[in-house]
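Take a look at the structure set out below.
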Amino acid sequence: MKIVWKMFHHTPTTILLLLSVTLVGATSNMRRRMGESIAGECRTPYSKHENEVMREAFEKINLDKRQTTEIVFDVHFNVVAANITEAGGWVPDSQIERQFEMLREGFSGHGIFFQFGSTTRILSSNWHHNLNVPEDDILERMLINYGTLFRKGGATSLNINLILFGSDDETYGFGLPPSLYRAYPELDGIYVRFTSLPGGASRARQGSTAVHEAGHWLGLWHTFQDGCEGEGDGVADTPAEAGPASGCPIGRDSCPTLPGLDPVQNWMDYSAEGCRDSFTAGQVARMQAASRYRIDVLS
Ligand SMILES: *[C@@H]1O[C@H](CO)[C@@H](O)[C@H](O)[C@H]1NC(C)=O
């Protein structure tokens, strides 16, 4: 296995070196921002700075316009496979269709619509094995290089990148919040473990990861952000939660001195598949503001 990895690793290094000069500034910045993320299912980069940027941006969103203009995002699946077998990441169209339906249903009734855009299949053992959370310069440059080549559309195009996350078993995805769009337009989108689609090989996840990551793409943080202290997720109607839930512990109250039970059935927790199935009204309002920010400000 080691020899195989080295063989594939050799080629991109050459490409990446060419890009390194112009990307140095961006990389250290992103690394700092990624530093505050919580390990676990999802590695979406949280930082106080992003939180602040979004709070200020969302406050300026025109509420009247928010209610009268339809919010529609086009969705592009980018499948990064090592070979044309399902084990090698060549996710069947049937799984992509079911994932798209699950995404649509997850946001339906909330005034946020998705329309199918495209599926691109990228056959590259290197990208398949090595694309990952951008926690060092090489990975970040690799992702930027990948995004430059394969990302579709602008700030209102949701790119769903189906990748392996080969470096650990825990990570299932991450999503770029709208506040990072200007600094990292090539990375914008969500990154999802390819086995986690409905009908995929994962036992833990069957489609909910993509819905969760799309929530991040629309400006949501985890329900357990900041635990029982601090600003939390910036949404008033998601009760504070000490940490991520596992299983489906309905009735759990991990911040007993604060109001409300843990929102373990919320899409933005880590609860088991089938348990998380809802957004709160406060989250929907925030996502609508984030949507308008993508449509009116970033586009
Ligand atoms: C396809 O890629 C996967 C993952 O690297 C590997 O396990 C599998 O053996 C490959 N299959 C073929 C037919 O090359």
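Taking mature numbering (1 follows the signal peptide of the UniProt record, and there is no 0), I'd label the letters of the sequence shown as residues -26 to -1, 1 to 273. Even glycine gets a Cβ: it sits at the ideal position worked out from N, Cα and C.
- H186: not part of any beta strand (DSSP E); member of the alpha helix (DSSP H) spanning 182 to 191, first to last residue.
- Between the alpha carbons of G121 and S141 lies a gap of roughly 20 angstroms.
- Secondary structure of G91 (DSSP, three-state): strand.
- Relative to the non-hydrogen atoms of ligand 1, the Cβ of T254 never comes closer than 7 angstroms to any of them.
- DSSP places A55 in the strand class (E or B) of the three-state scheme.
- Here the distance from the Cβ of A56 to the nearest heavy atom of ligand 1 is below 7 angstroms.
- Among the bridge pairs identified by DSSP, Y165 is matched with N135, F148.
- If the five residues before and after A264 are omitted, its C-beta is found closer than 6 angstroms to the C-beta atoms of P152, L192, G193, all from its own chain and listed in chain order.
- In this chain, I35 is not harboured by any alpha helix (DSSP H), its DSSP state being neither H nor E.
- Remark: the shortest separation between the CB of A61 and any heavy atom of ligand 1 falls under 7 angstroms.
- As far as DSSP is concerned, D270 takes part in no beta bridge.
- Closest in C-alpha terms to Y146, from the list N25, T169, C222, comes T169.
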